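Asks:
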Amino acid sequence: MKRKIACVALMALLCAVTVAGSASAQLNWKQFQGTEIRFLMNKHPFTTFIEPKIPDFEKLTGIKVVFEVFPEDQYRNKRTIELNAGGKLDGYMIMPGQDDLYYWKAGWLQPLDAFIADPKLTDAAWDPKDFFQSFTKASTVDGKQIGVVINAETSLLSYRKDLFDQFKLKVPTTMKELEETAKFFYGKEVDGKKMVGITLRGKGAAATSQWVDFLYSFGGSWTTPQGKSNLAGAGTVASFKFYGDLLKNYGPEGGTMLHWAESTSVFMEGKAAMIYDANVFKSLYENPKESKVAGRIGYAVIPAGPAGSVPHVSNWSLSINKNSAPERQKAAWLFIQWATNKPNALGALLAGVPAGRASAWDSPEYKSKDTQPDWTANTKKSFELGQPQWNPPVINVPEIRDITGQVIVDAIQGKDVEASAKKAAELMDKKMEL
Amino acid sequence: MSTALSTISRFIDRRQALVYPAPAVIVLFLIVVLPIGFNLYLAFTKWTVGLGQPRFIGVDNFIDLVSDERVWNGVKVMVYFSGLSLFLELVLGLLIALYFNREFRGSEIVQTIYIFPFAATPVAVALIWRIMLNPEIGVLNYLLRSIGLPGSLWVSSEQTVVLSLVLVDVWKWTPMITLIVLAGLKSLPPDPYEAARIDGASALQIFWHITLPLIRPVLIAALMLRSLDNLKEFDMIYTITQGGPGTSSETLYLYSYLVGFGFFKAGYGSALMVVVFLIVLVFNVVMNRLRLSR
Numbered sequence: 008m009k010r011k012i013a014c015v016a017l018m019a020l021l022c023a024v025t026v027a028g029s030a031s032a033q034l035n036w037k038q039f040q041g042t043e044i045r046f047l048m049n050k051h052p053f054t055t056f057i058e059p060k061i062p063d064f065e066k067l068t069g070i071k072v073v074f075e076v077f078p079e080d081q082y083r084n085k086r087t088i089e090l091n092a093g094g095k096l097d098g099y100m101i102m103p104g105q106d107d108l109y110y111w112k113a114g115w116l117q118p119l120d121a122f123i124a125d126p127k128l129t130d131a132a133w134d135p136k137d138f139f140q141s142f143t144k145a146s147t148v149d150g151k152q153i154g155v156v157i158n159a160e161t162s163l164l165s166y167r168k169d170l171f172d173q174f175k176l177k178v179p180t181t182m183k184e185l186e187e188t189a190k191f192f193y194g195k196e197v198d199g200k201k202m203v204g205i206t207l208r209g210k211g212a213a214a215t216s217q218w219v220d221f222l223y224s225f226g227g228s229w230t231t232p233q234g235k236s237n238l239a240g241a242g243t244v245a246s247f248k249f250y251g252d253l254l255k256n257y258g259p260e261g262g263t264m265l266h267w268a269e270s271t272s273v274f275m276e277g278k279a280a281m282i283y284d285a286n287v288f289k290s291l292y293e294n295p296k297e298s299k300v301a302g303r304i305g306y307a308v309i310p311a312g313p314a315g316s317v318p319h320v321s322n323w324s325l326s327i328n329k330n331s332a333p334e335r336q337k338a339a340w341l342f343i344q345w346a347t348n349k350p351n352a353l354g355a356l357l358a359g360v361p362a363g364r365a366s367a368w369d370s371p372e373y374k375s376k377d378t379q380p381d382w383t384a385n386t387k388k389s390f391e392l393g394q395p396q397w398n399p400p401v402i403n404v405p406e407i408r409d410i411t412g413q414v415i416v417d418a419i420q421g422k423d424v425e426a427s428a429k430k431a432a433e434l435m436d437k438k439m440e441l
Numbered sequence: 009m010s011t012a013l014s015t016i017s018r019f020i021d022r023r024q025a026l027v028y029p030a031p032a033v034i035v036l037f038l039i040v041v042l043p044i045g046f047n048l049y050l051a052f053t054k055w056t057v058g059l060g061q062p063r064f065i066g067v068d069n070f071i072d073l074v075s076d077e078r079v080w081n082g083v084k085v086m087v088y089f090s091g092l093s094l095f096l097e098l099v100l101g102l103l104i105a106l107y108f109n110r111e112f113r114g115s116e117i118v119q120t121i122y123i124f125p126f127a128a129t130p131v132a133v134a135l136i137w138r139i140m141l142n143p144e145i146g147v148l149n150y151l152l153r154s155i156g157l158p159g160s161l162w163v164s165s166e167q168t169v170v171l172s173l174v175l176v177d178v179w180k181w182t183p184m185i186t187l188i189v190l191a192g193l194k195s196l197p198p199d200p201y202e203a204a205r206i207d208g209a210s211a212l213q214i215f216w217h218i219t220l221p222l223i224r225p226v227l228i229a230a231l232m233l234r235s236l237d238n239l240k241e242f243d244m245i246y247t248i249t250q251g252g253p254g255t256s257s258e259t260l261y262l263y264s265y266l267v268g269f270g271f272f273k274a275g276y277g278s279a280l281m282v283v284v285f286l287i288v289l290v291f292n293v294v295m296n297r298l299r300l301s302r
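Here the protein sequences come in this chain order: P and B. According to the numbering used here, the residues represented by the first sequence are 8 to 441, in order. According to the numbering used here, the residues represented by the second sequence are 9 to 302, in order.
1. Check for me: the beta strand (DSSP E) holding Asp377 of chain P runs from which residue to which?
2. Helix, strand or coil for Glu297 of chain P? Go by DSSP, reduced to three states.
3. Residues of the region 270–284 of chain B with a CB closer than 9 Å to any CB of chain P: list them in chain order, please.
4. Once DSSP output is grouped into helix, strand and coil, what is the label at Asp284 of chain P?
5. Could you name the residues of the region 96–114 of chain P whose beta carbon sits closer than 9 Å to any beta carbon of chain B, in the order they occur along the chain?
6. Using 8 Å as the Cβ pair cut-off and three pairs as the minimum, do the region 147–159 of chain P and the region 357–369 of chain P touch?
7. Take Asp169 of chain P and list the residues in its own chain whose beta-carbon comes closer than 7 Å to its own, dropping the five residues that flank it on each side.
8. Quick one: what's got a C-beta closer than 7 Å to Lys195 of chain P's C-beta in the same chain, skipping five residues either side?
9. Hey, how far is the Cα of Val416 of chain P from the Cα of Ser272 of chain P?
10. Going by DSSP, name the residue or residues bridged to Gly261 of chain P.
11. Going by beta carbon distance, what residues of the same chain come within less than 8 Å of Leu239 of chain B, once the five residues before and after it are set aside?
12. Who are Phe138 of chain P's beta bridge partners in DSSP?
13. Given a threshold of 16 other Cβ atoms within 10 Å of its Cβ, counted over all protein chains shown, does Val118 of chain B qualify as buried or as exposed?
14. Which residues bound the alpha helix (DSSP H) around Glu97 of chain B?
15. Indicate whether at least one CB of chain B lies closer than 7 Å to the CB of Pro259 of chain P.
16. Using the rule of at least 16 other Cβ atoms within 10 Å of the residue's Cβ for burial, across every protein chain shown, is Trp340 of chain P buried or exposed?
17. Going by DSSP in three states, Pro29 of chain B sits in which element: helix, strand or coil?
18. If the cut-off is 8 Å on Cβ atoms, which residues from the region 67–99 of chain P count as contacting chain A, listed in chain order?
19. Given this structure, state the Cα-to-Cα distance separating Pro318 of chain P from Gln413 of chain P, to the nearest angstrom.
20. Counting only C-beta atoms, is Glu406 of chain P closer than 7 Å to chain B at any point?
21. Do the region 245–262 of chain B and the region 262–271 of chain P make contact, defined as three or more Cβ pairs closer than 8 Å?
22. Please tell me whether Ser146 of chain P and Pro103 of chain P are closer than 7 Å, where the distance is taken between their beta carbons.
23. Name the residue from B:Asp243, B:Ser257 and B:Ala191 whose alpha carbon lies nearest to the alpha carbon of Ala229 of chain B.
24. For the beta strand (DSSP E) holding Thr271 of chain P, just list the boundary residues, first then last.
25. In chain order, what residues of the same chain lie with their CB nearer than 6 Å to the CB of Lys388 of chain P, ignoring the 5 residues before and after it?
26. Quick one: residues in its chain with C-beta nearer than 7 Å to the C-beta of Ser31 of chain P, no 5 flanking neighbours on either side, listed in chain order?
27. Going along the chain, which unbroken runs of the beta strand (DSSP E) with 3 or more residues stay wholly within the region 49–137 of chain P?
28. For the putative contact between Lys273 of chain B and Thr53 of chain B, defined by C-beta atoms under 8 Å, what is the C-beta separation to the nearest angstrom?
29. Are the CB atoms of Val131 of chain B and Asp243 of chain B within a distance shorter than 7 Å?
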């Protein structure tokens, strides 16, 4: 009985807060009542989090939201094809670092600045300053904001804390120490299993999003200041060599076929001492149902190379289709605004989706429930160090990633990296579209 | 009203040959001829999906593809994969059909179990193979190691990837060849065999001089049917390797998919598809000649 009363009281309080929140603003949430909007979504933890909450939004606004969710590979294809066909699509998820130049040039991204500035369309409580600036910058093309971050990512070095303690090792802070530590573990028997030192993505184009952190940390870059390919530059070649050698010498067999799913499963099987991949995979590593190493992992930012410690930051954003009707665009904006408000950013973070809002990370709710403060501290540190240009600065990103991925594959196979990089640079210069 | 109806009915009566197949012809036109025609048109244009309209550039795409290393690699992989898998499927399919073409206890059950692989959904089967072929956690290496043999890298090595894919293809499609050849064997006339046996011919002689020549058109028909799918094998290779490691299992067909739907370069991708189409066409014209020639 007491619990029931407590529940009712809590709900009343929540209602009061919501009502107070909407009453104080000038925004009329009901202004697009009866409109139907359609969103294409990637099958992503954020989608899983927000989808069950849509009825709340529909109740608040009277707007009907249709969600269509697809697994990532099919999602990217479907989104491009639908936008090109000009069907009734109002909003979608996008990784700006991957697709913004292409979509911007194709005219599929609606600038949001006018919506954000209009008090009739944007609640004062939405507070755009609360978003990490690196992610807002990453969602901006030609000075126009084209998306609102829903998932903020970076990559971390995750390692087996228990083994590091057992063998009295310190966490590598330089690339040299990283290699030594990987070497130390490679071939060692732990719990009857032969260990590998480290596992990384090695599957061509899929590996470039993690290799890029080594690229920057070794002082390389995608392009030269003159806008030519820099794949054959000294720092870039050094990063290819280091990454390839690390995986070839101290990684699992068949490194060239490791995508994130394969790489993370080697780590979760307890067969690798370290892994370098997206920080969001913490939710996999720490899930005892999936992972044999849950609760025994430590986290660190990428070890420093000759150019320091330079991880990338990337994000998923929600964007509006420029070709959708103005009325529906505004309704879609209300939806995006609601989906990225402070309570939802916090809720998503509590559900394991790294939020792009500082307030969520700093909230007492999150801090009190945070079981991996180590991960939180290093994620935030990585956000600060982060370089948003995690993809080549071109329109045809997948094609250039594919070309770059071939050098990574060659490096893992122990081929002549200089020659391969030179060939890739020539090809990139030929194919690059700016 | 009734006159209108009777006019229509008279029209239909007089032109039955035109009217009855019309719906099928129209649908076929819409879903086969039109897309192929559009593909052919795109092959002579430069067009990235979404960025402007297709721009006519003549034969530039075809000039580009001659100097594109990935194209030659794709052709090489295609010849290697298809040549080996078609050859093995044909030989094994024929041998197994000969074995089944006798009366033995439980032959129906054995034959039914035998066709399971080719009755199964390709992508589901490929996903299972992908796990079985994994060098770290796959069952194949577990089995090899449990009898003291070294494991293989299977699809994770440039050297063994195509062979591993051939293994999967042969496992899946040999039963189809067997079924077709078996049907052919069952319909062979008994007289030449009786005559040969009376003349004292050995089993090998009978096979070489009677069965093989008689079954040849069926074998070629089976090969043609199989090659149509095999030359543009996609689902199995895409599911297991996506063309990797690197590009070592990337057939021309996979590359054209990547260009079209990965890079969204519809013009160049269409040109690649035209090349694949021509290869399949030429192969089948040659086979058809072989089938009809004596």
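By construction, the Cβ of each residue, glycine as well, lies at the ideal position given by its N, Cα and C atoms. Predicted model, so just to flag it, every value in this text is computed and none were measured.
Replies: Put simply:
1. Taken as a continuous stretch (DSSP letters only), Asp377 of chain P belongs to no beta strand (DSSP E), as it is neither H nor E.
2. coil
3. Gly270, Phe271, Phe272 and Lys273
4. strand
5. Tyr109, Tyr110, Lys112, Ala113 and Gly114
6. yes
7. Arg303
8. Met202
9. 20 Å
10. Looking at the DSSP assignment, Gly261 of chain P forms no beta bridge with any residue, so it has no partner.
11. Met86, Ser90, Tyr261, Val284, Ile287, Val288 and Phe291
12. P:Arg364
13. exposed
14. Glu77 to Phe108
15. yes
16. buried
17. coil
18. The displayed structure is made up of protein chains P and B, and chain A is not among them.
19. 22 Å
20. yes
21. yes
22. yes
23. B:Ala191
24. First-last for Thr271 of chain P: Trp267 to Met275, but that is the alpha helix (DSSP H), not the beta strand (DSSP E).
25. Val308
26. Below a pLDDT of 50, predicted positions are generally treated as unreliable, and Ser31 of chain P, at 46, falls in that range; the measurement from the model is reported next regardless. The answer is none, since no qualifying residue turns up.
27. 71–77 and 98–101
28. Rounded, the Cβ-Cβ distance is 11 Å, inconsistent with contact.
29. yes
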